[in-house]
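Chains as they are written, first to last, in this note's numbering: chain A, 28 to 231; chain B, 28 to 231. Where a beta carbon is used, it is the ideal one built from N, C-alpha and C, also for glycine. Quantities reported herein were computed from a predicted structural model and do not represent experimental measurements.
There are 2 protein chains.
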Amino acid sequence: MAKSIIKEKDISTEEKIREAAQKIFTQKGFAATRTRDIAEEAGINLALLNYYFRSKEKLFEQIMTEKVQQLFSVLYPIVNDTSIKLEKKIELIVTNYIDMLMANPDLPLFVLSEVRNNPDHFREKMGVEKLMKNTDLIKQLKEKRPDIHPVHFMISILGMTVFTFLSKPIFQSAGLITEQEFKKLAEERKILIPKWANAMLKTK
Amino acid sequence: MAKSIIKEKDISTEEKIREAAQKIFTQKGFAATRTRDIAEEAGINLALLNYYFRSKEKLFEQIMTEKVQQLFSVLYPIVNDTSIKLEKKIELIVTNYIDMLMANPDLPLFVLSEVRNNPDHFREKMGVEKLMKNTDLIKQLKEKRPDIHPVHFMISILGMTVFTFLSKPIFQSAGLITEQEFKKLAEERKILIPKWANAMLKTK
DNA sequence: GTCTATAACCTGATAGAC
DNA sequence: GTCTATCAGGTTATAGAC
Numbered sequence: 028m029a030k031s032i033i034k035e036k037d038i039s040t041e042e043k044i045r046e047a048a049q050k051i052f053t054q055k056g057f058a059a060t061r062t063r064d065i066a067e068e069a070g071i072n073l074a075l076l077n078y079y080f081r082s083k084e085k086l087f088e089q090i091m092t093e094k095v096q097q098l099f100s101v102l103y104p105i106v107n108d109t110s111i112k113l114e115k116k117i118e119l120i121v122t123n124y125i126d127m128l129m130a131n132p133d134l135p136l137f138v139l140s141e142v143r144n145n146p147d148h149f150r151e152k153m154g155v156e157k158l159m160k161n162t163d164l165i166k167q168l169k170e171k172r173p174d175i176h177p178v179h180f181m182i183s184i185l186g187m188t189v190f191t192f193l194s195k196p197i198f199q200s201a202g203l204i205t206e207q208e209f210k211k212l213a214e215e216r217k218i219l220i221p222k223w224a225n226a227m228l229k230t231k
Numbered sequence: 028m029a030k031s032i033i034k035e036k037d038i039s040t041e042e043k044i045r046e047a048a049q050k051i052f053t054q055k056g057f058a059a060t061r062t063r064d065i066a067e068e069a070g071i072n073l074a075l076l077n078y079y080f081r082s083k084e085k086l087f088e089q090i091m092t093e094k095v096q097q098l099f100s101v102l103y104p105i106v107n108d109t110s111i112k113l114e115k116k117i118e119l120i121v122t123n124y125i126d127m128l129m130a131n132p133d134l135p136l137f138v139l140s141e142v143r144n145n146p147d148h149f150r151e152k153m154g155v156e157k158l159m160k161n162t163d164l165i166k167q168l169k170e171k172r173p174d175i176h177p178v179h180f181m182i183s184i185l186g187m188t189v190f191t192f193l194s195k196p197i198f199q200s201a202g203l204i205t206e207q208e209f210k211k212l213a214e215e216r217k218i219l220i221p222k223w224a225n226a227m228l229k230t231k
């Protein structure tokens, strides 16, 4: 009973550091991040970071593993659900992914960059195989279009979805789009991309 | 006449440094790159780098400007050629872009990362407006599909094209694709993406 | 657990000899 | 122009007081 007295808003120091690290690491990447920035963002002292996580590398590893999971876990429940037909699967993937990326716009660039800098290190952690090898989605794609390698559809659907967020800074810094307009654009793409994907599946 | 005696292979020290810098910067980004790495790659001494370029920042700026140009200049001649009809324009954009990215696979991630880290700094240098504002391509897209904002098509076509190379390290590190298979895949996409883009233009 | 002070190290840049 | 040696500044990590 005594334990329940602890207020919910009292997040532990460890958690404060973790959240600050998430923010800074995903924004600037490993190399450009200074542990001082994380400490300041967390509102604690630099020494505490090493007290809880031992090193910048160790802290980064935790965050990175978490973020990689976040990037892929949206897809796991969908790609293997045999009760959902192909068209609906694509729609779910796109809408769920756009929602997730609206909340975490820095995620793709962060993961792509850090994986590129250290490819073998994240081999097991990503579990792309669980997305691409023998899933129900892949089976459905092969059945519908035996003439085209399913990876082509995956790259195209995810490309149309993710590149929306990757190219955002380019369009924004060129003054071609406001934050408001981007939101509208992203919402529109929830409808457009599945429609287009279906058209792609039918092209002769 | 005397000048022609100089052998072609005698590239200047300045050029050696520039080429080494290109390689390392595009591979690792500004923050993760050490001037010592560049010097070593160029086969010269660290001091020479500062002798020729004054600072890491100045050297980076030169490379970055060059690389941004490289990334966009493929598109300029195509998007404004009024003698090429829409379908052919799309085909040219995709094939030229894939060829350029085959030779420079690190380019997109490098530019996207550095632009994000320093958005306002590259505003003028990129000239995305020259690609998106009042070009013949945009005009043709608007004419064909007045109901859909042309930026939707641009993001989708470039997304399908560029994401092929952005996701390459992911698929590779997962052991899902070899270098050989990737080459074949990229070649196939030169045909597939324009075909799909045309299908997208026709979807009701 | 949390802080201040500092050690140990790394990196960009320069001085000065050749 | 090119090198070696070194400085100056910044960053991670730790020691030690509270």
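Is residue i close to chain B? Criterion is C-beta to C-beta, closer than 7 Å.
i: P196(A); result: yes
i: E20(A); result: With chain A covering 28 to 231 only, the question about residue 20(A) has no answer from this structure.
i: F52(A); result: no
i: L98(A); result: no
i: S39(A); result: no
i: A130(A); result: no
i: A58(A); result: yes
i: M91(A); result: no
i: V101(A); result: no
In this structure, does DSSP put residue i in helix, strand or coil?
i: D133(B); result: coil
i: D126(A); result: helix
i: N77(A); result: helix
i: P173(A); result: coil
i: N144(B); result: helix
i: D37(A); result: coil
i: L203(A); result: coil
i: K112(B); result: coil
i: K231(A); result: coil
i: V155(B); result: coil
i: S31(B); result: Note that S31(B) has pLDDT 49, beneath the 50 cutoff, so the model's placement of it is unreliable and no number is given.
i: N161(B); result: coil
Can you check whether the C-beta of residue i is within less than 7 Å of a C-beta belonging to chain A?
i: L164(B); result: no
i: V95(B); result: no
i: R45(B); result: no
i: S183(B); result: yes
i: K297(B); result: Residue 297(B) lies beyond the stretch modelled for chain B, which goes from 28 to 231, so this question has no answer here.
i: F190(B); result: yes
i: K217(B); result: no
i: L203(B); result: yes
i: K152(B); result: no
i: A48(B); result: no
i: K116(B); result: no
i: P146(B); result: yes
i: T230(B); result: yes
Could you check the C-alpha separation between residue i and residue j for me, to the nearest Å?
i: L185(A); j: A74(B); result: 45 Å
i: T60(A); j: F52(A); result: 6 Å
i: T191(A); j: N123(A); result: 14 Å
i: M187(A); j: R143(A); result: 21 Å
i: W223(A); j: F180(A); result: 11 Å
i: A9(A); j: K160(A); result: Beyond the ends of chain A as shown, which are 28 and 231, falls residue 9(A); an answer cannot be given.
i: M153(B); j: L193(B); result: 20 Å
i: R216(B); j: Y103(B); result: 22 Å
i: I175(B); j: K169(B); result: 8 Å
i: K171(A); j: N225(A); result: 11 Å
i: E42(B); j: N145(B); result: 26 Å
i: K210(A); j: G70(B); result: 49 Å
i: D64(B); j: M91(B); result: 17 Å
i: T205(B); j: N77(A); result: 40 Å
i: D126(A); j: P177(A); result: 24 Å
i: M129(A); j: V189(A); result: 11 Å
Specify, as a first and last residue, the run of the alpha helix (DSSP H) that residue i falls within.
i: T188(A); result: 177-193
i: V106(B); result: 103-106
i: T40(B); result: 40-59
i: F87(A); result: 83-100
i: I235(B); result: The structure shown does not extend to residue 235(B), since chain B is modelled only from 28 to 231, so the question has no answer here.
Classify residue i: buried if its beta carbon has 16 or more other beta carbons within 10 angstroms, exposed otherwise.
i: R236(A); result: Lying outside 28 to 231, the shown extent of chain A, residue 236(A) is not represented and no answer is given.
i: Q49(B); result: buried
i: S100(A); result: exposed
i: R45(B); result: buried
i: D133(A); result: buried
i: E93(B); result: exposed
i: K231(A); result: exposed
i: G202(B); result: exposed
i: K116(A); result: buried
i: K195(B); result: buried
i: I218(A); result: exposed
Nearer than 6 Å: is that true of the beta carbon of residue i relative to any heavy atom of the ligand GTP?
i: F137(A); result: Among the components of this structure there are no ligands whatsoever, and the ligand GTP is therefore not found.
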